[in-house]
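**Q** The listed protein sequences correspond, in order, to chains A and B. Heads up: the first sequence is residues 1492 to 1806, going by the numbering used here. Heads up: the second sequence is residues 1303 to 1592, going by the numbering used here. First the structure, then my questions, so here it is.
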Amino acid sequence: MARLLSSRWAIVLGLGLVLAALPFLFPSNYYFRVAAIVNIFALAAVGLNLLMGYAGQVSLGHAGFMGLGAYSVAIGATHFGLHGLAAAGIGAVLSGLVAFLVGRPILRLKGHYLAVATLGFGLLIAMALTNEASWTGGPDGMGVPRLEVFGTRLRGPDTWYYISAGVLLLGVMLALNLIESPTGRAMRAIHDSEIASRVAGIDVASYKLKIFVVSAVYASVAGSLMAFLNGHITPDGTAGFLRSVELVTMVVLGGLGSIIGAIAGAAVLVILPQALTIFHDYEHLMLGLMIMASMILLPRGIVPSLLARLRGGKS
Amino acid sequence: MPELLQFAFSGLTVGAVYALVALGFTLIYNASDVVNFAQGEFVMLGGMATVFLHLAGVPLPMAAALAILITVGVGLALYAFAIDPARGSSAVTIIIITIGASIFLRGVAQVVFDKRFHALPHWFGSDPIRIGGAAILPQSLVVLFGAGLIVALIFLIIDRTLLGRAILATAANRLAARLVGIPVRKIVALSFALSAAIGAVAGILVTPITLTSYDVGTLLALKGFAAAMLGGMGSAVGAVVGGLLLGLAESFGAGLISSKYKDAIAFLIILGVLFVRPQGLFGKRSVERV
Chain A
1492 MARLLSSRWA
1502 IVLGLGLVLA
1512 ALPFLFPSNY
1522 YFRVAAIVNI
1532 FALAAVGLNL
1542 LMGYAGQVSL
1552 GHAGFMGLGA
1562 YSVAIGATHF
1572 GLHGLAAAGI
1582 GAVLSGLVAF
1592 LVGRPILRLK
1602 GHYLAVATLG
1612 FGLLIAMALT
1622 NEASWTGGPD
1632 GMGVPRLEVF
1642 GTRLRGPDTW
1652 YYISAGVLLL
1662 GVMLALNLIE
1672 SPTGRAMRAI
1682 HDSEIASRVA
1692 GIDVASYKLK
1702 IFVVSAVYAS
1712 VAGSLMAFLN
1722 GHITPDGTAG
1732 FLRSVELVTM
1742 VVLGGLGSII
1752 GAIAGAAVLV
1762 ILPQALTIFH
1772 DYEHLMLGLM
1782 IMASMILLPR
1792 GIVPSLLARL
1802 RGGKS
Chain B
1303 MPELLQFAFS
1313 GLTVGAVYAL
1323 VALGFTLIYN
1333 ASDVVNFAQG
1343 EFVMLGGMAT
1353 VFLHLAGVPL
1363 PMAAALAILI
1373 TVGVGLALYA
1383 FAIDPARGSS
1393 AVTIIIITIG
1403 ASIFLRGVAQ
1413 VVFDKRFHAL
1423 PHWFGSDPIR
1433 IGGAAILPQS
1443 LVVLFGAGLI
1453 VALIFLIIDR
1463 TLLGRAILAT
1473 AANRLAARLV
1483 GIPVRKIVAL
1493 SFALSAAIGA
1503 VAGILVTPIT
1513 LTSYDVGTLL
1523 ALKGFAAAML
1533 GGMGSAVGAV
1543 VGGLLLGLAE
1553 SFGAGLISSK
1563 YKDAIAFLII
1573 LGVLFVRPQG
1583 LFGKRSVERV
C-alpha cells in the first residue's frame, strides 16, 4: 500500500514539475496557448480514460459535454449576467445531471450499439447548440466575456496556461485516487468481465453510471476552460463529432487505462496539427492518416507500449 | 393529403439511399464484424468522381462507370492498408480506424476535387411528374428503381451463387469457413469492394437531386449505420427496410414537426429503438457467453 501511494504521488509530483518547468522553454505566448490547449484536452481525456480504460465503456459523444461546459460559461455570462466561475460550476453540475439521466439507459448497451448511441447523443447536443441561434449565436458561435477574479481580468495565454495546468493536476490527482479506491477496483472488475463482477456482488449499472457522470464533469470543466481561453466558441469547435473522435483517439493513442497516456495522447493530437499548419489544405488528410496510423501501429497506446519495452529491456 | 404524399415520396427517395448505405454496412459487417464508418465516403466518392470526370469531358455513362471502379479501388485499398493490418484489434480500435479513414478520404477529396457543391444533370429531365397532387422528380424514380435493382442483385448473388454461399458461411463462422476451404480474406476483401460499389452507385443516382460535396459522407454514414441498426445489425432485409423507414420518418418529421431538427429525428428514433428493442426489427437477440 505504501508503494502504491508513493507511486501515485510520484506521478502527480512528476507531472507538476514538468508543468512548472515547461514555461522556461516557451519562447513566445503562442507556446503558452498551445500548451494550455494541451492541458485542457488532457483534462477531458483523463476523464474519458476513466470511462474507457477502467470501466471499459466507449463514448463517441463526449465532446457534447465539453460543449455543455463551454456554452454554460458563455450563455451564463451573456444572457444571465452570471460570474464566470459560477457559470462554469453550473455547467459542471448540468453536465453531470445530463450524464446521470441519459447514462442509465445508454450504458445498458454494449460495443457498436453503445458507440452509436453515445455518438447520436453528442450529435444531438451539437445540433441543439447550432440550431438555437437566439441563445448560442448559431453555427458562427458566440463570444465569451473575460473572467474577472478579485478585480483582475484573466486574459493572456500564460495566465490560462497556469490555471489549466493547476486544474489538470487536480483532475489527475482525483482520478488517481478514484482508481485506487474500492470504486476503482470495482471498475476494473467490470472492465474484465461484467458477469463475473455482477456475480461477485458489484452493482455494475450504478458503477458504470457513476464513472460516466465523473467523466462528463471532467469534459464539462475542460469545455469551460476552453471557452475562457479562446474568448469565442462554436458548436463544431467544442461539441462537434470530430472533437469527440479526437478525444477518443487521444485516450486510445496514449494508452487505455493510463493517466499519463491520456495526457501524452492529448499532447500529440494537439501539437502535431499545429506543427503541420503549413499544410492547411491537408489538415483533414493528415488528421485521418494520424488516427489510422496510430491505431494500426500502436494499438496498445504510446505509454503502455513504452513501458512494456522498458520492462522487456530490464528482464 | 397531397402534402403527406409529397413527404412519402421524398422520404422514400432519401430512404433508398440510406438503404443502400445500410446494405453496404451490413455486407462488410457480416463478412468481418467491422463497422465501417467510411461507408458514406463511398457515396461521396461515387458522386464527386462522376462530376469531375464529366467536367473533364468524359461522357456521363463512362464517367459513372469509371467512378464506380475508382470507388471499388478505394474500398479494396481501405481493406488492404487499414483494416487487414489491424486484424484482431478490439471493436473500438477498428471503429476509430474507419473513422480515421473517413476523415482521410474527406481530406483527400477536398484536395483532389474542391470544397464546393456540385450537381449532375437529371437523367430524364427535371420536370416533376404529378401524382395525386404531389410532385415527384423523374430522378426520384430512377433512385428508387436503381436501389431496388441493386438490392435484388445483391440478394440474388447471396442466395443463388457459390460466392454468396461463401459470404454467408464467412458471416456465420469465420473459422469454420476457413476450415472448409473458403478463402476468408478474399471474401472479406470482396465484401469491401461490393459495398464500395453499392455506395458509389447510390452517390451517382442521388447526386442530381441532393447535390454532393466533399463532406456529405459523414452524416450519410451515421444515418446508414442508424438504418442498419433499426433493421437489426447483420440483416440485409433489415438494412433495406430500416433505410426506407428512416427516410420516411425523417421526411415526415421534417414536414410535420421541425425541419431544423430533421437530423435529430433520425437519432431520436435510433436511441428509442436501442432502448426498446436493441436487436432491431429483424435482428437476432444476442446472448453473451461467459
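Idealized CB from N, CA, C, for every residue including glycine.
Run through DSSP, which three-state label would A/E1623 get?
**A** In the first sequence, counting from the first residue as 1, residue 1623 of chain A sits at position 132. DSSP places A/E1623 in the coil class of the three-state scheme, outside both helix and strand.
**Q** Quick check on the burial criterion: 16 or more other C-beta atoms within 10 angstroms. Buried or exposed for A/R1644?
**A** If you number the first sequence from 1, residue 1644 of chain A lands on position 153. A/R1644 is exposed by the Cβ-count criterion.
**Q** Let me know the alpha helix (DSSP H) ranges lying completely inside the stretch 1527-1593 of chain A, each 4 residues or longer, listed in chain order.
**A** 1554-1571
**Q** Cβ of A/G1533 within 7 Å of Cβ of A/L1659?
**A** Taking the first residue of the first sequence as position 1, residue 1533 of chain A is located at position 42. Taking the first residue of the first sequence as position 1, residue 1659 of chain A is located at position 168. Before going further, note that residue 1533 of chain A is Ala rather than Gly in the sequence given. Closer than 7 Å, so yes.
**Q** I'd like the span of the beta strand (DSSP E) that includes A/I1787, first residue to last.
**A** Locating residue 1787 of chain A in the first sequence gives position 296, where the first residue counts as 1. Here A/I1787 belongs to no beta strand (DSSP E); instead the alpha helix (DSSP H) covers E1774 to L1788.
**Q** Can you look up B/A1358 in the DSSP assignment and give me helix, strand or coil?
**A** What you label residue 1358 of chain B is simply residue 56 of the second sequence in a count that begins at 1. Note: B/A1358 maps to coil in three-state DSSP.
**Q** Would a check of beta-carbon distances place B/I1559 closer than 7 Å to chain A?
**A** For the purposes of this step, residue 1559 of chain B is taken as residue 257 along the second sequence, with counting starting at 1. Chain A has no Cβ within less than 7 Å of the Cβ of B/I1559.
**Q** Just to confirm the assignment: which complete alpha helix (DSSP H) runs, minimum length 4, are found wholly within the stretch 1462-1497 of chain B?
**A** 1464-1474 and 1476-1481
**Q** Spatial neighbours of B/Y1381 within its chain, please: C-beta separation below 6 Å, excluding the five flanking residues on both sides.
**A** Translated into positions along the second sequence, residue 1381 of chain B becomes position 79. Spatial neighbours of B/Y1381 in its own chain (CB-CB distance under 6 Å, excluding positions within 5 residues in sequence) are listed in chain order as A1491 and F1494.
**Q** Could you check if A/Q1548 belongs to the surroundings of the ligand NAP, using beta carbon to heavy atom distance under 6 Å?
**A** The model on display carries no ligand, and the ligand NAP is accordingly not part of it.
**Q** Using CA coordinates, which residue listed in B/V1539, B/K1525 and B/A1538 is at the minimum distance from B/L1550?
**A** Residue mapping note: residue 1550 of chain B aligns to position 248 of the second sequence, counting from 1. Ranking the options by Cα distance to B/L1550, first place goes to B/K1525.
**Q** Excluding five sequence neighbours on each side, which residues of the same chain lie with their C-beta closer than 8 Å to the C-beta of A/K1701?
**A** Looking up residue 1701 of chain A in the first sequence gives position 210. Closer than 8 Å at the Cβ level, and outside the excluded window around A/K1701, lie T1674.
**Q** Candidates A/Y1521, A/I1769, A/A1713 and A/V1794: which alpha carbon is nearest A/G1580's?
**A** Against the first sequence, residue 1580 of chain A aligns to sequence position 89. Ranking the options by Cα distance to A/G1580, first place goes to A/A1713.
**Q** In three-state DSSP terms, what is A/R1800?
**A** On the first sequence, position 309 is the one that residue 1800 of chain A refers to. Reduced to three states, the DSSP call for A/R1800 is helix.
**Q** What residues of chain B sit near A/Y1773, judged by a beta carbon separation below 7 Å?
**A** Walking along the first sequence from the start, residue 1773 of chain A turns up at place 282. One finds G1409 and V1413 in chain B with Cβ atoms closer than 7 Å to the Cβ of A/Y1773, taken in chain order.
**Q** Please identify, using Cβ separations under 7 Å, the residues of the stretch 1592-1606 of chain A that lie next to chain B, in order along the chain.
**A** P1596, L1600, G1602, H1603, Y1604 and A1606
**Q** Quick one: residues in its chain with C-beta nearer than 6 Å to the C-beta of A/A1758, no 5 flanking neighbours on either side, listed in chain order?
**A** Along the first sequence, read from residue 1 onward, the residue named residue 1758 of chain A stands at position 267. Answer for A/A1758: V1529, listed in chain order.
**Q** Looking at the C-beta of B/A1551, does it have a partner C-beta in chain A at a distance below 7 Å?
**A** One-based indexing of the second sequence puts residue 1551 of chain B at position 249. No, B/A1551 lies away from the interface with chain A (no Cβ there is under 7 Å from its Cβ).
**Q** Thinking C-alpha only, which one of B/L1583, B/A1523 and B/S1497 is nearest B/V1374?
**A** In the second sequence, the residue the question calls residue 1374 of chain B occupies position 72. With distances taken between Cα atoms, B/V1374 lies closest to B/S1497.
**Q** List, in order along the chain, the chain A residues whose C-beta lies closer than 8 Å to that of B/D1416?
**A** Walking along the second sequence from the start, residue 1416 of chain B turns up at place 114. Per Cβ cutoff of 8 Å: no residues; B/D1416 is ~10 Å from chain A at best.
**Q** What residue range does the beta strand (DSSP E) around B/A1388 cover?
**A** As a first step, residue 1388 of chain B must be located in the second sequence, where it is residue number 86. Premise fails: B/A1388 is in no beta strand (DSSP E) and is neither H nor E.
**Q** Can you name the start and end residues of the alpha helix (DSSP H) that B/A1333 belongs to?
**A** For the purposes of this step, residue 1333 of chain B is taken as residue 31 along the second sequence, with counting starting at 1. Segment P1304 to S1334, the alpha helix (DSSP H) holding B/A1333.
**Q** Using the DSSP secondary-structure output, state which residues sit across from B/V1444 in a beta bridge.
**A** Looking up residue 1444 of chain B in the second sequence gives position 142. Answer is none; B/V1444 lacks a bridge partner.
**Q** So if I threshold CB-CB distances at 8 Å, which residues from the stretch 1507-1520 of chain B count as touching chain A?
**A** T1520
**Q** So with CB distances below 9 Å, who are the chain B contacts of A/V1736?
**A** Position 245 of the first sequence, counted from the start, is the residue given in the question as residue 1736 of chain A. Simply I1398, I1401, G1402 and I1405.
**Q** Could you tell me whether the Cβ atoms of B/A1473 and B/T1400 are closer together than 7 Å?
**A** One-based indexing of the second sequence puts residue 1473 of chain B at position 171. One-based indexing of the second sequence puts residue 1400 of chain B at position 98. With respect to B/T1400, B/A1473 sits apart: the two C-beta atoms are not nearer than 7 Å.
**Q** Per DSSP, A/T1643 forms a beta bridge with which residues?
**A** As a first step, residue 1643 of chain A must be located in the first sequence, where it is residue number 152. A/T1643 is bridged to A/V1640.
**Q** Is B/I1559 helix, strand or coil by DSSP?
**A** Translated into positions along the second sequence, residue 1559 of chain B becomes position 257. Note: B/I1559 maps to coil in three-state DSSP.
**Q** Does the stretch 1567-1579 of chain A come close enough to the stretch 1417-1434 of chain B that 3 or more CB-CB pairs lie under 8 Å?
**A** no
**Q** Hey, quick one: how far does the alpha helix (DSSP H) through B/I1571 stretch, first residue to last?
**A** Looking up residue 1571 of chain B in the second sequence gives position 269. Its alpha helix (DSSP H) spans residues K1564 to V1578.
**Q** So, for B/A1244: in the same chain, excluding its five sequence neighbours on each side, which residues have a beta-carbon less than 6 Å away from its beta-carbon?
**A** The structure shown has nothing for residue 1244 of chain B, since chain B only spans 1303 to 1592.
**Q** In chain A, what lies closer than 7 Å to B/P1580 by C-beta?
**A** The residue you call residue 1580 of chain B lines up with position 278 of the second sequence. Ordered by position in chain A, the residues that pass the 7 Å Cβ test against B/P1580 are L1600 and Y1604.
**Q** Along the chain, where does the beta strand (DSSP E) containing B/F1433 start, and where does it finish?
**A** In the second sequence, counting from the first residue as 1, residue 1433 of chain B sits at position 131. One detail in the question is off: residue 1433 of chain B reads as Ile in this sequence, not Phe. From DSSP, the beta strand (DSSP E) with B/I1433 extends over I1431 to I1433.
**Q** Taking C-alpha atoms, which residue in B/Y1331, B/L1558 and B/L1443 lies nearest to B/T1393?
**A** Translated into positions along the second sequence, residue 1393 of chain B becomes position 91. Note that residue 1393 of chain B corresponds to Ala in the displayed sequence, not to Thr. The option with the nearest alpha carbon to B/A1393 is B/Y1331.
**Q** Shortest alpha-carbon distance to A/I1670 belongs to which of A/A1546, A/R1646 and A/F1523?
**A** The residue you call residue 1670 of chain A lines up with position 179 of the first sequence. Closest by alpha carbon: A/A1546.
**Q** Among A/T1627, A/M1783 and A/D1683, which has the Cα closest to the Cα of A/L1744?
**A** Residue mapping note: residue 1744 of chain A aligns to position 253 of the first sequence, counting from 1. The option with the nearest alpha carbon to A/L1744 is A/M1783.
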